[in-house]
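Mapping the sequence shown onto the UniProt record's numbering, position 948 (from 1) lands on 948, and the numbers just tick up by one. What follows is one structure encoded as C-alpha cells, with my remarks underneath.
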Amino acid sequence: MENLLRGSSSFSEAAMLFTDEKIASARTKIVEALNEAQLATTGQKCEIIAKVQELLLHTDVELLNEFLENMLVLAHDPVAEVRKAIAGFIDEICKQHIAMLPKVVGPMFSLLRDSAPVVTKRVIQGCGSIYRLAIQWICQLDDIPEEVEQAWNTLCLMKISILDMIDHDNDGIRTNAIKFLEGVVILQTYPDEDSQKRENDFSLEDVPLTMKQIRRRKLEDEATNIFELLLQFHGASHISSVNLIACTGTLCTIAKLRPSTMTRVVEALKHLHSNLPPTLTNSQVSSVRKNLKMQFLNLLKHPASFEHQATIAQILVDLGASNGEITRAIPKLDKREQQRRAKRALENSMASQLAAKRAKVDGQARKERDDSGTAGESPRDQPRTMEIDYEELNEQKSRSTKQNEQFLLEVLPKTDLVVQLVLSNMDKLTEQMLQSAKPAAVLTVEQYIQKIAQTLAAQMSEVKAGPGASAFTKDPPMKVRISDEEEKSIILSGKRKPVDPSATPLPPSIGEEDLPEGGAGLPEEDEDDEALSEEDRQKLEATRKLRETLERVKGGTATGEPKLRQRIKMLKLQEITKPLPKATKETFLLDAVVRILKAERQALVGGVSMQRNRIITAFGASFINPVRDVIMEHILEDLPKRIELAFSWIFEEYGLMQGFTRYTHVKHDNGPQYPYTQLLVRLVTNVIERPKDTFRQKESLLKRLYLEAPMLPQELIDMLVRMCELEELVDCGMQIVKDLLIRRPPRERQYLDILLKYAYYENGTIREKAIEYVMSVFAVHRIMTEDIEKKALVWLAHLENELPPESMFAVEYGRAEHPRTWTEELAKVCLGLFLEVMVYDQTLLMRFSEVYIKATSEMKRAVIRAIEGPIRKIGSESEELLRLIEQCPKGSETIIIRIIYILTEKSLPSPDLVERVRTLHQTKVSDVRLLIPVINGLTKKEILSALPKLIKLNPGVVKEVFNRLLGIGVEYGPAELPLTSVELLVALHTIETSKVELKFIVKATSLCLAEKEVYTHDVLGSVLQQLVEITPLPTLLMRTVIQSLTLHPRLAGFVTNLLQRLILKQVWKQKVVWDGFIKCAQRLTPQSLGVLIQLPAQQLQDAITICPEFREPMLEHAREIMEHQIGHVSQQVMDVLLGISPYSTTESADLQIVGNYSEEAPMSSHMPVKIKQEKDAEPAAPTPPQSKE
1 MENLLRGSSS
11 FSEAAMLFTD
21 EKIASARTKI
31 VEALNEAQLA
41 TTGQKCEIIA
51 KVQELLLHTD
61 VELLNEFLEN
71 MLVLAHDPVA
81 EVRKAIAGFI
91 DEICKQHIAM
101 LPKVVGPMFS
111 LLRDSAPVVT
121 KRVIQGCGSI
131 YRLAIQWICQ
141 LDDIPEEVEQ
151 AWNTLCLMKI
161 SILDMIDHDN
171 DGIRTNAIKF
181 LEGVVILQTY
191 PDEDSQKREN
201 DFSLEDVPLT
211 MKQIRRRKLE
221 DEATNIFELL
231 LQFHGASHIS
241 SVNLIACTGT
251 LCTIAKLRPS
261 TMTRVVEALK
271 HLHSNLPPTL
281 TNSQVSSVRK
291 NLKMQFLNLL
301 KHPASFEHQA
311 TIAQILVDLG
321 ASNGEITRAI
331 PKLDKREQQR
341 RAKRALENSM
351 ASQLAAKRAK
361 VDGQARKERD
371 DSGTAGESPR
381 DQPRTMEIDY
391 EELNEQKSRS
401 TKQNEQFLLE
411 VLPKTDLVVQ
421 LVLSNMDKLT
431 EQMLQSAKPA
441 AVLTVEQYIQ
451 KIAQTLAAQM
461 SEVKAGPGAS
471 AFTKDPPMKV
481 RISDEEEKSI
491 ILSGKRKPVD
501 PSATPLPPSI
511 GEEDLPEGGA
521 GLPEEDEDDE
531 ALSEEDRQKL
541 EATRKLRETL
551 ERVKGGTATG
561 EPKLRQRIKM
571 LKLQEITKPL
581 PKATKETFLL
591 DAVVRILKAE
601 RQALVGGVSM
611 QRNRIITAFG
621 ASFINPVRDV
631 IMEHILEDLP
641 KRIELAFSWI
651 FEEYGLMQGF
661 TRYTHVKHDN
671 GPQYPYTQLL
681 VRLVTNVIER
691 PKDTFRQKES
701 LLKRLYLEAP
711 MLPQELIDML
721 VRMCELEELV
731 DCGMQIVKDL
741 LIRRPPRERQ
751 YLDILLKYAY
761 YENGTIREKA
771 IEYVMSVFAV
781 HRIMTEDIEK
791 KALVWLAHLE
801 NELPPESMFA
811 VEYGRAEHPR
821 TWTEELAKVC
831 LGLFLEVMVY
841 DQTLLMRFSE
851 VYIKATSEMK
861 RAVIRAIEGP
871 IRKIGSESEE
881 LLRLIEQCPK
891 GSETIIIRII
901 YILTEKSLPS
911 PDLVERVRTL
921 HQTKVSDVRL
931 LIPVINGLTK
941 KEILSALPKL
951 IKLNPGVVKE
961 VFNRLLGIGV
971 EYGPAELPLT
981 SVELLVALHT
991 IETSKVELKF
1001 IVKATSLCLA
1011 EKEVYTHDVL
1021 GSVLQQLVEI
1031 TPLPTLLMRT
1041 VIQSLTLHPR
1051 LAGFVTNLLQ
1061 RLILKQVWKQ
1071 KVVWDGFIKC
1081 AQRLTPQSLG
1091 VLIQLPAQQL
1101 QDAITICPEF
1111 REPMLEHARE
1121 IMEHQIGHVS
1131 QQVMDVLLGI
1141 SPYSTTESAD
1151 LQIVGNYSEE
1161 APMSSHMPVK
1171 IKQEKDAEPA
1181 APTPPQSKE
C-alpha cells in the first residue's frame, strides 16, 4: 500500500512539473507574441491576438490574469480590425470565465461607443451571451462585492446604449441591436406552461427574491417597455427590409418562448401583412412575404397559437401557402387538450368582457353617489357644510403681498431688468389705457419704486405668483358653515351667561314647561325675541364676527348647541426657538462635513461611496471657503485615490457655473466662474509643487486634470505655459498642449502658438521637445499644417539678413542677451523646425537653397552642418531633391555637393542620383569632387578617365575615393562594384606621367597597398602578373614588387619567377625598373642568384658593379653548378664573375633605355640556364630598401 501511495505522489509531482513547464512555455510564447504585435501589420496583429487568445483560454487562468491588461491595451489601437479582434477576445473570455467581467466591462463599454461600425456590431453580438451569463452568475452569488455591482451597473448602461442604437444610422448595428433586445426580453420575463425550453435557459423565476441589486419587478417592467418598443419599430413605415426581417424573427422567437405575448405578436404580423412599408422594392417585398410565411408556419406549430389558428391560417392562404402546408403545421392535440384550450380561450374572453363591464358599472355608481350626496341621512349624522374662510384668505393675501413687495424692492433698482420688463409689455398697451393714464405727482425714484412695488405686489398676490405664492395654502382655507339658528343660540347663550355663571346653558329645544319652578331668572321667549330684535339684530347683520363670538362663548354653550371646530394653530419653529450664532453654525457644519469625509471606508463597505461623493461635491460647490478648504485638504491627502472625487467636484462646479443644476452656486464678486477656476488652480498647483521623485503619478494626474476638465480657464493655461519652461516637466507640459490642440479644436490656435513659441526657445532641451510635438501635429495628425509652415518660413528668412533681427530676442523666447552677429546656436534655432517640416513637405527645398545663397559665409557653414539628419530622412528617392541637385542654383554648389555626400555615405547611390550628378558635372559643375559620392555608380570607363584628376586631390579625399571604389565599409555590403581591386591598382600603374606627376601616383599606390584586407597575397599576385605583361613595363613596377614582398614574404618564390620573366623582357633597358630589379634581387638573395646568373654578361657585369656583394655568392653558385653538372655557365659569365671580363669597365650609366622592343627577340649573348632549386629552402628575410623610389 505504501508503494502505491508513493507511486501516486510521484505521479502527481510529475504532473505538476509538466503543468508548470507547459505554463512557462505558454508564457514565453505570449510574451514573444505581444512584443511582435508592437511592430506588426494589421493582419499580423489580428493573427497574434487569435494566437494569444488560444494560449490564454486553454492554458491556465493565472496567465489570463497576468496578461489581460496587455491585451486590453490593444482596444485603443487605431486600426478598426484590431479593435474588433479585441471585442471578440473579450467575448470569449466572458464565455469561459464570466468572473472576469469586472475587469473587461470597461473596455467593452468603450468599444461599444467606437466610431467604426464593424467594432460596434461585434460588441453587440458578444453582449447577448455576456448579459445572460452575467445575470446567471450574479444570481448565484451569496455576497455581491462592489466591483461586481459596478460591473452590473455598467452592463445595464450598455443595455440602454444598445436600446438607443435601434435608431442608429447603420443598418447592421440596428439588426444586431434587435437580436440583443430579443435576448433581454426573454431573460427578463416569466415563462409559462407552453414556453419552449432551451438548454441553459434563464428567466425571472431564477432571480432570487432577496436580491437587492436585481429586482424582478424592475426587470419585468423594462422587458415590457422593450417589447413595446420592438412592436413600434416593427410597425414603422421607414424600416428597411433587413431590419424588418430581423425584427419579425425576433418577435416570433419571443412569442414561442413567452406565449403570453402571442396575441400581440400575431396582431403585429397581421398588421404588417396588410400594411407593408412603402419604401420596399418589389424584390424586398417578395423577401418579406416569404419570411412572413415561414414565421407564421412556425408560430402555427406552437401549441400556444391554438386561439389564433383561424387568423393565421387565413393569412397563410393570402401569402400563398397550400392547405397541406397549413394542415401539417397545426399541432396535433388530443380532444381533451383541445377542449381545455378552447375553454381557457373562452374564459379569457369572458374575463376581459367582464372586467370592462365592471369598470363601466363602477364608474356609473360612483357618479350617482356623487350626485345623490347625503340626502337620506339624519341631521345629526349628516356632515357639516364647509365654506371658504375669507378672513384667513385675506390674511394669506396680506402676507403674500408683503413678501412680493419686499422682493420687488430688491430687484426694481436694477435698470436692465426694468428696461426688459417695459419692452416685453409695451405691445400690450392700448390707446385707451394710455389716454386714461393720469400723470402722477412728482416723486423721487425711491418713492416711484415703492409705489410700483405695492401695485405689482398686489397684482402678483391676486394670481398667486412670485415669492409670495408660498404664503397661500394649496387649497382655499375652509370653515364650518353656521346657520342663522345656530348664531341665535350662540348669542342667546352669551346673553344668559351673566345671570348665572355656574348654570349650564339649556338647548333651544327645551320649552318653557320643562323649566323648574323658580326659574324667573330666565326671560321669556317673546322678551328674548324682542330683545334680540332691538339690541342684537344690527350686530348679527353688520359684523358677523363669528370667530370672536365662538371664542367668547365657548365655555358657556349648552350641550344641545352645535360644537364648533376651532382653527388649528400651526406650530412655527421660529417662534419657539432662538437662532444659533453664526460661528456655532459654521462649527456644526464643519464638524458634519469632517464626519462625512472620515467615513470613507464605512461608505465603501456599505456600498454607498457614490452617494457619499455626491454629498461631498454638493457641499463643496454650495458652501463657502471653510467647507471648501476642508474638502480640498481631504482630497489632497491622497490625490491619486481620490481623483475621482476631485473630478466629481470639478464637474459639479462646472454645472453650477453653466446653470445646468437646479440650485444656485454661492455668489462671488469675481464672477460665477471664480469657484471653478480656483478649484482647478489649487489642484494643479499642488500637483506641480510635489517632488517628482516621491510622487510618481505627477505627470499622469496633470494630464488627467487638463484633458478631462470640461473647460480650461486662462489661469490654468498660464500655469501650463510656465510648466513647459520647467525642464523636469517640459515633456509632460508639451504633451498636454499637443493633446489639447488635437482634442479641443475651438482653441487650437492658442495651443499651437504655445508650441511654436517654444519651438524657437533659447533652451535646447525645451526647443527639441517642442519641435517633436509640433511635428507630431504636422505629420501625424495633419492639423494646421499651413500655419506651421508659415511660421517655419518666417524664421528661415531671418538667415537672409546680415544681422539677427530684434524679433528673435523677445522676452517670450528666453534670450536675455542680444548679440550683434550671427552665431551657430542662433542658426540652429532658425533652422530647427524648418528642416523637420522640409522632410514632409519637400517642395520647400528650393526655398531652402535660396536662403542658403543669400546667407553669410558663417551661416552657410552652420547650415551645412545642420542638414545631415533631414537630408538622410528625405533620401535619394525624393523627386524634389533630385530636381534641386540637377538644377543646382548658382551659389549653392557647396551645399549640393554636401547633400550628395550625405545621400551616399551609408549606401550605394541610386541610378537616378548618378544620372543627375553626371548631368550636373557635364553641364554646370566641372569639379571632379562632385563625382566622388557617386563614383560607384559610374561606368568603368568614366572612373578610369577621372582617376588622374582624383589622385591629385588631398590624401584624405583620395583615401575616401579608394574606400568607395574598393567597397571598404559595412554600408556597401556585398554590392557589385564597377572596378575590382586588381583593376584599380593596375590602372594606377598605367597612368601617364605626362598627365600626373609621379609623386601623386606613388602616394595613390601606397594608399591602396595599405589596405591589407583588400590587397591580399592572391590579389597582389594577380596585380604583379598583369603589370609584368604590360609593355613597356610600368615605372613603379619594381617598387610595387618590393612593397608586396615586404607585406607578404610568401611571395618570394612568385617574385623570383617574375624576375626571370623580366630578364626575357630586357628589363635593363629601363633604368628605373632595372635599378628596382637589382634591389629586388638583392633582397631575394640567395634565391635570386639563379636568376641573376641568367643575365647577359654585360648586364651581369653592370649588376655586380652596382652591387659588388653579388660576386662571391654567384661565383660559388656557378662553381657548384659546374661541379654537379646541374647546368652550364658560359665562359663570358664566368669571366665576369672572375673579374676578367672585357665589360668590367662599362658603366651602368651607359645603358640605353629602350622604349619599344619585342618580347620574342632572342638574346644572342646568352641562353637561359635551368637551375635546380631546393623546394623546401627557407626564403631569406627581406632587407629594407636602400633608397626610396
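The beta carbon of each residue, even a glycine, is placed where N, CA and C say it ideally should be.
Counting along the chain, no alpha helix (DSSP H) covers T261, and no H or E run does either. Here the C-alpha atom of F834 lies approximately 19 Å from the C-alpha atom of T856. Contact between the segment 151 to 170 and the segment 616 to 634 is absent, with fewer than three C-beta pairs closer than 8 Å.
The residues E727 and V730, in chain order, have a CB closer than 8 Å to that of T765 in the same chain once the five nearest residues on each side in sequence are set aside.
When Cβ pairs closer than 8 Å are counted between the two stretches, the segment 678 to 695 is seen to touch the segment 635 to 651, the count reaching three or more. Counting the other CB atoms within 10 Å of its CB gives F67 a total of 16 or more, which places it among the buried residues. The C-alpha of H798 is placed about 7 Å away from the C-alpha of P805. In the structure shown, K479 falls within a strand segment according to DSSP collapsed to helix, strand and coil. With a 10 Å radius around the Cβ and a threshold of 16 neighbouring Cβ atoms, Y773 comes out buried. For I214, the secondary structure class from DSSP, reduced to helix, strand or coil, is coil. Residues Y760 of the same chain have their beta carbon placed closer than 6 Å to that of V829, with the five preceding and five following residues left out of the count.
Rounded to whole angstroms, L230 and P277 show a C-alpha spacing of 16 Å. Within the same chain, and ignoring the five residues on either side of I1104 in sequence, the residues whose Cβ sits closer than 6 Å to its Cβ are F1110 and R1111. Ranking L645, L1062 and T59 by CA distance to the CA of Q1099 puts L1062 first.
Beta bridge pairing from DSSP links E387 with K479. Per DSSP, H989 is one residue of the alpha helix (DSSP H) stretching across S981 to H989. Closest in C-alpha terms to Q678, from the list L716, L707, F695 and K941, comes L716. Here the C-alpha atom of S1130 lies approximately 31 Å from the C-alpha atom of L1045.
A residue is called buried when at least 16 other Cβ atoms come within 10 angstroms of its Cβ; Y852 meets this threshold and is buried.
The straight-line gap separating the alpha-carbon atoms of I1121 and H1128 is approximately 7 Å. The Cβ atoms of S926 and S892 do not sit closer than 7 Å to each other. Comparing C-alpha distances from N35 to each of T42, I48 and A304 shows the shortest one belongs to I48. Looking from the CA of C46, the closest CA among G967, L74, E824 and P467 belongs to L74.
For the set D201, I245 and Q188, the Cα lying nearest the Cα of R217 is the one of Q188.
Less than 7 Å divides the Cβ of F180 from the Cβ of G128. By the Cβ test, the segment 408 to 426 is in contact with the segment 452 to 469, since at least three Cβ pairs between them sit closer than 8 Å. In the three-state reduction of the DSSP assignment, K578 falls in the coil class, being assigned neither a helical nor a strand state.
Leaving aside the five residues that flank P476 on each side, the residues in its chain whose CB is nearer than 7 Å to its CB run, in chain order, I388 and L393. Your pair E880 and Q842 checks out as a contact, with CB atoms roughly 4 Å apart and the cut at 8 Å.
With 16 or more neighbouring CB atoms inside 10 Å of its own CB, L1115 falls in the buried class. Positions of the alpha helix (DSSP H) runs, each at least 4 residues long and wholly inside the segment 123 to 176, are given as 146 to 164 in order along the chain. DSSP places E1013 outside both helix and strand once states are collapsed to three, so it counts as coil.
Here DSSP, grouped into helix, strand and coil, assigns C252 to helix. For the pair G875 and P909, the CB atoms are not nearer than the 7 Å cut-off. In the structure shown, S994 adopts coil according to DSSP, grouped into three states.
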